[in-house]
Every structure is written in structure tokens, then in C-alpha cells.
Amino acid sequence: MIRSKIIFFFILISACGFAQSYDNDLLSSQFHKGRREAIRNGLPDSSCAVFFSNPEQQRAGDTKFLYHQDPDFYYLSGLNEPNSLLIIFKEPQTFYDTITTNELIFVQDRNPSQESWTGKLLGKEGVKQQLGFKYVFLNNQFADFKIDFEKFYKVYHLDYFDAAHDDLNDRGDLASLIRHFKLKTDYKRKNVDGFNLSGLMASLREVKQPEELVLMRKAIDISCLAHAELMRALIPGMAEYQAQAIAEYIFKKEGSEYVAYPSIVGAGENSCILHYETNRKKMDGGDLMVIDAGAEYHGYAADITRTLPVNGVFSPEEKAIYEIVLEAQEAGIKACRAGAEFRATHKAAVAVVQKRLLELGIIKDPNDFMLYFFHGTSHYLGLNVHDAGNYGKLSPGNIITVEPGIYIPAGSNCDPKWWNIGIRIEDDVLITTGDPDVLSGKLPKKIADIEALMKEESVFNKIK
Ligand code: GLY
Ligand code: MN
Ligand code: MN
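Following the numbering used here, the numbering of the sequence shown begins with 648 at its first residue and continues without gaps.
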């Protein structure tokens, strides 16, 4: 008896050790199940919704990009593997007289020889046990699976990847899943709706659940650490890609799997290019550097921008423009209140930029603010950096960015002393029932605070 207890505890401890060797803070299967229930509630009677996984993407030759699941598919399933299909039914359906279920998932099979090259697959059993699906089939069973799509009032789907690579030896790859879905629905395409599901998904995804908030906070905290370390480390002579490397080192070190989007690090003239991504310039002491970089953590994106003087001190002209952008951003954040129109942040930011650019004489006509501030102020943030959302009224649980900017490229129709000043300040804001919660608020953005942090030592400057 004692011996079996000891063995039991040994197994338990080993299992815990194993569990702790890998991520143990992924979204739970209960979360995904709850999201499937939520979409089911939003479907009309006698309908179903069909979701395809993302394709794998070739980078060059036989090298692929790291696989990234379709965010809607991930949100509903937790499965991070390609060549899969999920069907959610409004009401339970019976198949083969034996299976009654309101959802089906088709997944790729385990494959020991492939797994010894590219890692473990979940397979049917893994999807049952880890993701909590009751009825799991292999993807190559879908072609012959008896499912009568014609009988539904609506069969919803999102955009599919028609260009997915078709392996002619694989009846279950994404291209085959799409082809067989089309064959199974072709007779009555009038009940097939490829438009309205995205709006329903957006209305769910724009309100973050508590489990998602934990991961969003983590992605944002990691990104704040990275930006702060870069403030300490930035010195004249550094290349844009070196600044990028410091930020992305911290992302990885803190557990982020990937960047949420290619890091934008633009100094001098490049500060005026909104989505500059090549990051190859060697920076000058007199340059301003825009860094727009965010970590992705377990699928969730951060999106943060700061603008820094490479030599650690803002010039008077840079200060003048920076203060406008900061005032505009603070006005935008103030507008982040439940019940406000989504555009309220932009309206508030534009009002400040217009007024202040007129005062400085950089513009003469109020409408000319668009010459220097030519993007929106906010977008939803979540599983995508530009996340799904309906852009109606703000509601508690939304996370949006507030990111005004002013960009004055050389040759602009204003005093040349303003040229090559590009400034953007971007924070990530949770809408609550009360005041906005600036999730990236711990990262300095006032001029004095940035200049003070830039005076601190960084371990990165000791690496020769
Ligand atoms: N980083 C892209 C954006 O701010 O929208
Ligand atoms: Mn953004
Ligand atoms: Mn950004």
C-alpha cells in the first residue's frame, strides 16, 4: 500500500514536472468551449458555421514560416495545427444514426516520421483529451462524411484560402477540405453565406474574456519591458536593426513566441514612414527614432509605439511636435469610455493636432492637418494586431490602441526646421465601466521621463 502510494506520488510529481516544462498558461479548453457556445447562440435556427484552419506558408524553397493559426479557428478550438476543419451547428445533428453532436472537428493524423522532423501533432486523441472535443475525425474522412448541408437554412463560412497548396496524395489537406466543402454545398449555394459570419465573430472577439485579458496583459507587459530596455540602451551610432534586436531579445526572453507584426524602427527620415520595416539605417545623434513594436504571447498581440531622441535629449523643435502628439494622445485616451463612438478617439486627437499645428504655423488651413497626420487613431487589438471588431460603440472589455502621430518629411511645405520629424505615441487601452485602463501605461512617455530613463545604463551596451 505504502509502496503504491510512493509510486503514485512519483508519477504525479513527474507529471507536474513535465507540465511545468512547457507553457501551462494557454487558454483553457473550457474557454474555447464557451466561445463555441457563444457563437452557437448567435447563429439563427437551423444553421451551421464552417471554419477552416490557416494554410502553411512557404517562405523560400522548402522553408516555411512558423505556422500561425487562423485567429477565429484558434479562438473557437485552441488547435494550432493546419489542415483542419471545424463545424458548429446551431442544434444537435445525428450522423450515421449513432453520433449526435452540435460540433464536429476534422484534424490531421499523427505521423511519426513527420513528427521526428517537425514535432508532435495532437491527432484525434490529443484533440479529444487536450481540447475537449467529443467527436473528432481525421481530415481525410471529410470527403466521404455524410453531411447534408442543403437542409440548413444557412451554412456560414469565412473567406477561404482558395490558393492553398493541394497535395494530390492527401485527401485531407486544406485544399481538399475546401474543395469537398464546395462540392457538398454546390447545389444550393443560395443557403451558403460567406459574408455575415465575420461580423458575428467580430462581435465576440471585440469583447475580451477574463482569460484573454491575462494573456493580453502579459503580451503588453513584455513589450513595455522591451521598450524600456531600449530606452536605456539607445546610443548614437547604433543601427535601427540593433535597436530592433534589443526589443525582440526581450520579447523572446520573456516567452513571447513571435513579434505581433514586423517591428518598425525608423530614425531620421525613416521616422516619417508609417510602416517602415527594413530597419537598416545607422542612426545619427540628431535623429529621432520611432519604434513601433509589440510582442505576441500565446497568440495575443501588443502594439506599442514610442519616439526617442537617439542622443537622449529632444531638440526644441522635436519637443514642440512631441508635446502636440502627447496632448492628442491623452485627449484620445480620455475619449476611451464605454458608450462612446469608436471614432471618438480620432476626433479628440485630430482636434488637438489641428489647433496646435495652426498655432505653430506649420499649417494655414485646418484641413491641412491631414498632410501630417494621415492615419486613424485607434484599432482593436487581440489575436490580430488589427483585431476583429465592429467599430460601433466602445464597450467594456474592448482593447483598442490610441496612436496619433505627426510626420513631417523633408520637402514639406513648412519651415525646414520641422523636416524629418516623425512622432507617434501608441498605447493599448482597456475600455471599462469607468475610467480607461491604459495597459501599457507603465512605459514612460513624458519627455522628462524618457530623457531620465535614457540616462540609465543598459547591459546591452556592455556587449562587445
Ligand atoms: N503597428 C501597427 C499599428 O500600429 O497599427
Ligand atoms: Mn496600432
Ligand atoms: Mn503600432
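Glycine residues also receive a C-beta, built at the ideal position from the N, C-alpha and C atoms. What you are looking at is a predicted structure, and each value in this text was computed from that prediction instead of being measured.
Sorted by chain position, which residues of the same chain lie with C-beta nearer than 7 angstroms to residue i's C-beta, five sequence neighbours on each side aside?
i, result
"alanine 894", "Ala873, His874, Leu877, Ser910, Ile938, Ala940"
"arginine 650", "Bear in mind that a pLDDT of 48 at arginine 650, under 50, signals an unreliable position, so the model cannot answer this."
"isoleucine 1094", "Phe961, Lys966, Tyr969"
"valine 1085", "Ile980, Asp1074, Val1076"
"alanine 1057", "Glu916, Trp1066, Asn1067"
Determine the closest residue to residue i out of the options, with distance taken between C-alpha atoms.
i, options, result
"glutamine 788", "Asp817, Ile1055, Gln667", "Asp817"
"glutamate 804", "Gln761, Asn758, Ser850, Asp719", "Note on identity: in this sequence residue 804 is histidine, with glutamate being the wrong assignment. Checked all of Gln761, Asn758, Ser850, Asp719; the closest Cα to histidine 804 is Asp719."
"alanine 696", "Ser845, Glu859, Glu703", "Ser845"
"lysine 865", "Tyr888, Gly884, Lys900", "Lys900"
"tyrosine 1027", "Arg984, Leu824, Ala907, Glu853", "Glu853"
"histidine 945", "Val1106, Ala907, Asp813", "Ala907"
"glycine 959", "Tyr1038, Thr710, Ala998, Ile882", "Ile882"
"aspartate 840", "Asp868, Tyr800, Lys775", "Tyr800"
"asparagine 1108", "Gly1088, Arg879, Phe792", "Arg879"
"phenylalanine 1021", "Ser1042, Glu1050, Leu1007, Gly902", "Glu1050"
"glutamate 977", "Phe989, Arg687, Lys1011, Gly1088", "Gly1088"
"leucine 860", "Val1106, Leu673, Ile1053, Leu1090", "Leu673"
Leaving out the 5 sequence neighbours to the left and right, which residues in its chain are closer than 6 angstroms to residue i when beta-carbon positions are compared?
i, result
"threonine 747", "Pro739, Thr741"
"leucine 847", "Gly689"
"glycine 913", "Ile920, Tyr923, Val937"
"alanine 982", "Ala991, Thr992, Ala995"
"glutamine 1001", "Pro1013, Phe1016"
"asparagine 727", "Gln716"
On the criterion of 16 or more Cβ atoms from any shown chain inside 10 Å, does residue i qualify as buried, or is it exposed?
i, result
"alanine 662", "Unreliable positioning characterises alanine 662 in this predicted model, as indicated by a pLDDT of 49, which lies under 50. A coordinate reading is not provided."
"glycine 986", "exposed"
"asparagine 1045", "buried"
"isoleucine 1055", "buried"
"lysine 855", "buried"
"glycine 725", "buried"
"tyrosine 669", "exposed"
"asparagine 843", "exposed"
"phenylalanine 712", "exposed"
"proline 963", "exposed"
"aspartate 1082", "exposed"
"isoleucine 825", "buried"
"aspartate 1062", "exposed"
"valine 957", "buried"
Run through the DSSP bridge pairs and tell me what residue i is partnered with.
i, result
"threonine 747", "Thr741"
"valine 1085", "Val1076"
"methionine 936", "Ala914, Leu955"
"cysteine 695", "Phe736, Val802"
"lysine 899", "For lysine 899, which the question treats as bridged, DSSP gives no partner whatsoever."
"arginine 1071", "Gly1052"
"alanine 790", "Answer by DSSP bridge pairing: none, since alanine 790 is not bridged."
I'd like to know if residue i contacts chain D, where contact means its C-beta is closer than 8 angstroms to some C-beta of that chain.
i, result
"glycine 915", "No chain D is present in this structure, which holds just one protein chain."
Quick one: residues in its chain with C-beta nearer than 8 angstroms to the C-beta of residue i, no 5 flanking neighbours on either side, listed in chain order?
i, result
"tyrosine 888", "Val912, Asn926, Arg927"
Check: Relative to ligand 1, what is the chain-ordered list of residues with a Cβ closer than 7 angstroms to any of its non-hydrogen atoms?
Finding: Listed along the chain, these residues meet the criterion: Tyr908, Ile911, His922, Asp939, Gly941, Asp950, Thr952, His1026, Val1032, His1033, Thr1048, Glu1050, Glu1073.
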